[in-house]
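Engineer: Sharing a structure with you now.
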Amino acid sequence: MQLKHISLLNYKNIRQAELEFEPGINCFVGNNGAGKTNLLDSIYYISFCKSYFNPIDSQLICHDEEFFVIQAQYEIQNQDEEFYAALRKNRKKQFKRNKKEYSRLSDHIGLLPLVMISPGDERLISDGSDQRRKFIDGVVSQYNKSYLASILRYNRCLTQRNALLKSTKGRSASIDGQLEVWDEQLASIGALIFDERSGFIEELKPVFQKYHRFISGESEVVDIVYHSHHQRAGLEEQLKKNRERDLVLGYTSRGVHRDELEFLLDGYPIKKNGSQGQTKTFFMALKLAQYEFLNKHFGYAPVLLLDDMFDKLDDYRAARLIELMGGDSFHQIFITDTQKSRLLEIVKKTGKTFSFFNVNGGNITQDI
Ligand SMILES: Nc1ncnc2c1ncn2[C@@H]1O[C@H](COP(=O)(O)OP(=O)(O)O)[C@@H](O)[C@H]1O
Ligand SMILES: [Mg+2]
Numbered sequence: 005m006q007l008k009h010i011s012l013l014n015y016k017n018i019r020q021a022e023l024e025f026e027p028g029i030n031c032f033v034g035n036n037g038a039g040k041t042n043l044l045d046s047i048y049y050i051s052f053c054k055s056y057f058n059p060i061d062s063q064l065i066c067h068d069e070e071f072f073v074i075q076a077q078y079e080i081q082n083q084d085e086e087f088y089a090a091l092r093k094n095r096k097k098q099f100k101r102n103k104k105e106y107s108r109l110s111d112h113i114g115l116l117p118l119v120m121i122s123p124g125d126e127r128l129i130s131d132g133s134d135q136r137r138k139f140i141d142g143v144v145s146q147y148n149k150s151y152l153a154s155i156l157r158y159n160r161c162l163t164q165r166n167a168l169l170k171s172t173k174g175r176s177a178s179i180d181g182q183l184e185v186w187d188e189q190l191a192s193i194g195a196l197i198f199d200e201r202s203g204f205i206e207e208l209k210p211v212f213q214k215y216h217r218f219i220s221g222e223s224e225v226v227d228i229v230y231h232s233h234h235q236r237a238g239l240e241e242q243l244k245k246n247r248e249r250d251l252v253l254g255y256t257s258r259g260v261h262r263d264e265l266e267f268l269l270d271g272y273p274i275k276k277n278g279s280q281g282q283t284k285t286f287f288m289a290l291k292l293a294q295y296e297f298l299n300k301h302f303g304y305a306p307v308l309l310l311d312d313m314f315d316k317l318d319d320y321r322a323a324r325l326i327e328l329m330g331g332d333s334f335h336q337i338f339i340t341d342t343q344k345s346r347l348l349e350i351v352k353k354t355g356k357t358f359s360f361f362n363v364n365g366g367n368i369t370q371d372i
């Protein structure tokens, strides 16, 4: 799969751009605030119908403008495909494939597999457990539509159950009856989600450990441990047991919405003990494992976006990352950096074809 051409109008600080891309590595160089990450984000948008960084679409429109447009030409398994995303202020967004509007945006998700690795991914480690659940859900739902449907159904049931808990002053037979209906739903849909998550983590873990060993030079041992209430039998029983407590809390305290992924570095939580560089290596290995996972499930290589990834990485780890990028598993890559000379050295070593673009105040021009 290859992104051949992109044309942008008013996407964040990029007022206008027409860019042709290499099948190999495409590099964007410029100072802080130039628009490098915004460009990567526009490529992300065309894959996921949303920004990687900002969930509010209207804020993606360039200040003082009325709309943005992203048009992208992809080659997917020797077939040319055209995608169009546009948003006008106070209107619904438009999303088209080969000039035909999608009836549901979810039909598009998964067609253009893509992995973005950005410094912001540190939040996967530092933030609360919902970030880690979102990570799993994002990857699994890219290739499994029924999983996405289960998540949506589960969330609807959970919202209903929580609303019931909140609206109730004290326990009664009628409440018990209503809660039972939701308990049953949450337990059965939750079991499907749990199975899918368990399978995914089991498959991801060794790949993650392989990449981590490779980048860190085997100096550290990492692990991922999945914790879920479903690991204990009888979720319905657990919900019932906690009913009194849930009524006091006003929310549901058991279920897959409380699942957690524990990240360990040499046996200790990386969240509390990891240095900046170790944390970066950790989430990078996690995202590279995600890449390999999607590659395997789709049968073609996703696009890889590396946002400022060589920054603050020691020379050894940077060299290992370059070695990886040069390998056959990775096809089209988009990289941003603030220093051209450093990035040029890096991409030359991969042996892949490459091109450079200058980014300055939202203007993007081809360099070499
Ligand atoms: N909707 C918008 N309209 C205009 N400029 C925007 C918008 N959203 C973000 N920006 C600007 O984009 C710039 C950041 O661009 P970014 O791509 O993150 O820079 P970098 O090159 O450092 O990656 C900031 O100056 C910010 O003000
Ligand atoms: Mg940036």
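The numbering of the sequence shown is the working numbering, which starts it at 5 and goes up by one. Ideal Cβ positions, reconstructed from N, Cα and C, are used throughout, including at glycine. This one's a predicted model, so the numbers in the text were calculated from it and none came from an experiment.
1. From Leu168, Phe314 and Arg175, pick the residue whose C-alpha is nearest to that of Gln343; which is it?
2. Which of helix, strand or coil does DSSP assign to Pro123?
3. Comparing alpha-carbon positions, which option in Leu12, Ala90 and Cys31 lies nearest Asp373?
4. Thr285 to Gln77, Cα distance in whole Å?
5. Report the option in Met5, Asn35, Lys54 and Glu24 whose CA atom is closest to the CA atom of Tyr15.
6. Is any heavy atom in ligand 1 found nearer than 7 angstroms to the beta carbon of His67?
7. Could you give the first and the last residue of the continuous beta strand (DSSP E) run that contains Lys100?
8. Based on the DSSP output, what are the partners of Lys104 in its beta bridges?
9. How would you call Thr369, buried or exposed, if buried means at least 16 neighbouring beta carbons within 10 angstroms?
10. Given this structure, state the Cα-to-Cα distance separating Leu2 from Ser257, to the nearest angstrom.
11. Which whole-angstrom value describes the C-beta separation of Ile10 and Ile74, a residue pair presumed to lie in contact below a C-beta threshold of 8 angstroms?
12. Does the beta-carbon of Lys40, which I'm using as the reference point, lie nearer than 7 angstroms to any heavy atom of ligand 2?
13. Excluding the 5 residues preceding and the 5 following Glu22 in the sequence, name in chain order all residues of the same chain whose CB lies nearer than 7 angstroms to its CB.
14. Thr172: beta carbon under 7 angstroms from a heavy atom of ligand 1?
15. Quick one: give me the first and last residue of the beta strand (DSSP E) that Tyr78 is part of.
16. Cutting at 8 angstroms between CB atoms, please list the residues of its own chain near Ile205, excluding the five before and the five after it.
17. Any heavy atom of ligand 2 inside 7 angstroms of the beta-carbon of Asp341?
18. Could you have a look at Gln370 and say whether DSSP puts it in helix, strand or coil?
19. What does the alpha-carbon distance come out to for the pair Asp263 and Gly355?
20. Name the two residues that bound the continuous beta strand (DSSP E) containing Ile228.
21. Would you mind stating whether Gln336 and Pro27 have Cβ atoms separated by less than 8 angstroms?
22. Excluding the 5 residues flanking Arg92 on each side, which residues of the same chain have their C-beta closer than 7 angstroms to its C-beta?
23. If you count every other CB in all the chains shown that lies within 10 Å of the CB of Asn42, and 16 or more means buried, which is it?
24. Looking at Gly194 and Gly259, is the spacing between their C-beta atoms short of 8 angstroms?
25. Could you check whether the Cβ of Gly34 sits closer than 7 angstroms to any heavy atom belonging to ligand 1?
26. Expressed to the nearest angstrom, what Euclidean distance is found between the alpha-carbon atoms of Phe99 and Asn246?
27. Specify whether the region 318-330 and the region 145-159 touch according to this definition: at least 3 beta carbon pairs, one from each stretch, less than 8 angstroms apart.
28. Shortest alpha-carbon distance to Thr357 belongs to which of Phe25, Arg19, Ser176 and Leu13?
29. Tell me Tyr88's beta-bridge partners as DSSP assigns them.
30. What number of angstroms, rounded off, separates the C-alpha of Gly331 from the C-alpha of Lys353?
31. In whole angstroms, give me the CA-to-CA distance for Pro273 and Phe267.
32. How many whole angstroms separate the CB atoms of Glu200 and Val144, which I take to be in contact at a CB cut-off of 8 angstroms?
33. Here's the rule I'm using: 16 or more other beta-carbon atoms within 10 Å means buried, otherwise exposed. How should Val363 be labelled?
34. Check whether the Cβ atoms of Leu128 and Leu309 lie closer than 8 angstroms to each other.
Structural biologist: Looking at the coordinates:
1. Phe314
2. helix
3. This structure does not reach residue 373, given that the chain is present from 5 up to 372, and the question cannot be answered.
4. 33 angstroms
5. Lys54
6. yes
7. Gln98 to Arg101
8. Arg101
9. exposed
10. The chain is shown only over 5 to 372; residue 2 falls outside these bounds and no answer can be derived.
11. 7 angstroms
12. yes
13. Ser11
14. no
15. Phe71 to Ile80
16. Ile140, Ile228, Tyr230 and Leu265
17. no
18. strand
19. 42 angstroms
20. Val226 to His231
21. yes
22. Glu70 and Phe71
23. buried
24. yes
25. yes
26. 44 angstroms
27. no
28. Phe25
29. Gln75 and Lys100
30. 11 angstroms
31. 6 angstroms
32. 6 angstroms
33. buried
34. no
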